[in-house]
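Visitor: In this text, residue positions in the sequence shown follow this note's numbering: the first is 1, and each later residue adds one.
Glycine included, C-beta positions come from ideal geometry on N, C-alpha and C.
Computed from a predicted structure; not experimentally measured.
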Amino acid sequence: MELKVPSDAYITQYQQQQHLDHARSWIQHLSRQSIDHAPFFVRHTTLVCTLGELWDSDEKIDQMIKGGMNILRLNLSMGSKERYTEVIRRVRSLEKSYGHNPSVGIALDLSAPPVRTGLVNGSVDGTIVLQKGQMTKLTIDSQYEDKTTSSIIWINSQYFPSILNSIATGDRIYIDEGIISLIVRGVEVDSISCFVEQGALRIKTPKISSFIKHGTTTLSS
1 MELKVPSDAY
11 ITQYQQQQHL
21 DHARSWIQHL
31 SRQSIDHAPF
41 FVRHTTLVCT
51 LGELWDSDEK
61 IDQMIKGGMN
71 ILRLNLSMGS
81 KERYTEVIRR
91 VRSLEKSYGH
101 NPSVGIALDL
111 SAPPVRTGLV
121 NGSVDGTIVL
131 QKGQMTKLTI
141 DSQYEDKTTS
151 SIIWINSQYF
161 PSILNSIATG
171 DRIYIDEGII
181 SLIVRGVEVD
191 SISCFVEQGA
201 LRIKTPKISS
211 FIKHGTTTLS
221 S
């Protein structure tokens, strides 16, 4: 069988495409293009993959790259800085072993670890009703961790230990993506007294969506 030798035009196009593929950013990729370059191939779809625990290994990441992954998304709320620093190092090592073809982008989801509320009667399926106009308390006292009621709601301050120092009278607190809205009436040693501005049936263990301080978001989780 006769082997076909690539034409000079094909080799030139391939080299030009390699030059684009090795760009370290989209801006660099665009800046390397020339109107005199003939198109080699165009891919209109970008594959973004989120790294989960089951795929956190060199073998699995290698499978994603070979499967066409363009961007690896890292959710920083699901792990430590040290863990994801190591992941990035491993991705770059794999990328280098391929001769940087393909190049893999890294996307960092900067959402902070959530501040979640406690359990109702020890059950994740427990429900309480927060009625508009009532008073309630948010507390970091661990004795209420699985004893949340409509009058006292435990919040996990593990990832935000200075939470009580960041809140002042008049601030707004939103729970469960803003479904529940609270206005801070006072801050005590281990709790926050709140007026329910907008109530709802609270199910399971939603997260604190945000704290609004004098019209400015001070925490989003």
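May I ask you to verify whether the stretch 149-169 touches the stretch 107-122, counting CB pairs closer than 8 Å and requiring at least 3?
Guide: Judged by Cβ distances under 8 Å, the stretch 149-169 makes contact with the stretch 107-122, as three or more pairs qualify.
Visitor: What does Asn75 pair with, by DSSP beta-bridge criteria?
Guide: Here residue 75 refers to the residue found at position 75 when the sequence shown is read from its first residue. Bridge partners of Asn75: Asp109.
Visitor: Return the Cβ separation of Leu30 and Ile65 in integer angstroms, given the expectation that the two are a contact with Cβ distance under 8 Å.
Guide: On the sequence shown, residue 30 is found 30 positions in, with the first residue counted as 1. On the sequence shown, residue 65 is found 65 positions in, with the first residue counted as 1. That belief does not hold up - the Cβ atoms of Leu30 and Ile65 are roughly 23 Å apart, past 8 Å.
Visitor: Distance check for Tyr98 and Ser166, CA to CA, integer angstroms please.
Guide: Stepping through the sequence shown from its first residue, residue 166 is reached at position 166. Stepping through the sequence shown from its first residue, residue 98 is reached at position 98. Rounded to whole angstroms, Ser166 to Tyr98 spans 48 Å at the Cα level.
Visitor: How about Gln134 and Val196: do their beta carbons lie closer than 7 Å?
Guide: Within the sequence shown, the letter at position 134 stands for residue 134. Within the sequence shown, the letter at position 196 stands for residue 196. Their beta carbons are under 7 Å apart, which means Gln134 touches Val196 by this criterion.
Visitor: Determine, using beta carbons only, whether Leu164 and Val187 come nearer to each other than 7 Å.
Guide: The residue labelled residue 164 in the question sits at position 164 within the sequence shown. The residue labelled residue 187 in the question sits at position 187 within the sequence shown. Going by C-beta atoms, Leu164 is nearer than 7 Å to Val187.
Visitor: Under the rule that 16 or more other beta-carbon atoms within 10 Å means buried, what is Lys96, buried or exposed?
Guide: On the sequence shown, position 96 is the one that residue 96 refers to. Burial call: exposed.
Visitor: Which two residues bound the contiguous beta strand (DSSP E) that contains Glu197?
Guide: Here the question's residue 197 lines up with position 197 in the sequence shown. Residues 191-198.
Visitor: With DSSP collapsed to three states, give me the class of Ile140.
Guide: The residue labelled residue 140 in the question sits at position 140 within the sequence shown. Ile140: coil per DSSP, three-state reduction.
Visitor: Classify Lys132: buried if its beta carbon has 16 or more other beta carbons within 10 angstroms, exposed otherwise.
Guide: Residue numbering aside, residue 132 sits at position 132 when the sequence shown is read from its first letter. Exposed is the call here.
Visitor: What number of angstroms, rounded off, separates the C-alpha of Gly170 from the C-alpha of Gly122?
Guide: For this step, residue 170 is matched to residue 170 along the sequence shown. For this step, residue 122 is matched to residue 122 along the sequence shown. Their Cα atoms are separated by approximately 31 Å.
Visitor: In terms of residue numbering, what span does the beta strand (DSSP E) encompassing Thr45 cover?
Guide: Counting from one through the sequence shown, the residue named residue 45 turns up at place 45. Unbroken run through Thr45: none, as it is neither H nor E.
Visitor: Of all the options Ala168, Ile173, Gly126, which has the alpha carbon lying nearest to the alpha carbon of Ser150?
Guide: As a first step, residue 150 must be located in the sequence shown, where it is residue number 150. Selected option, being the one with the closest Cα: Gly126.
Visitor: State the beta-bridge partners of Thr50 as determined by DSSP.
Guide: Against the sequence shown, residue 50 aligns to sequence position 50. DSSP, once it has assigned bridges, lists Arg73 as partnering Thr50.
Visitor: Whose C-beta lies closer than 7 Å to the C-beta of Ala200 among residues of the same chain, with five residues either side of it excluded?
Guide: Against the sequence shown, residue 200 aligns to sequence position 200. Only Leu130, Ile179, Ile180 meet the Cβ criterion.
Visitor: For Asp176, does the three-state DSSP call read helix, strand or coil?
Guide: For the purposes of this step, residue 176 is taken as residue 176 along the sequence shown, with counting starting at 1. Coil, per DSSP.
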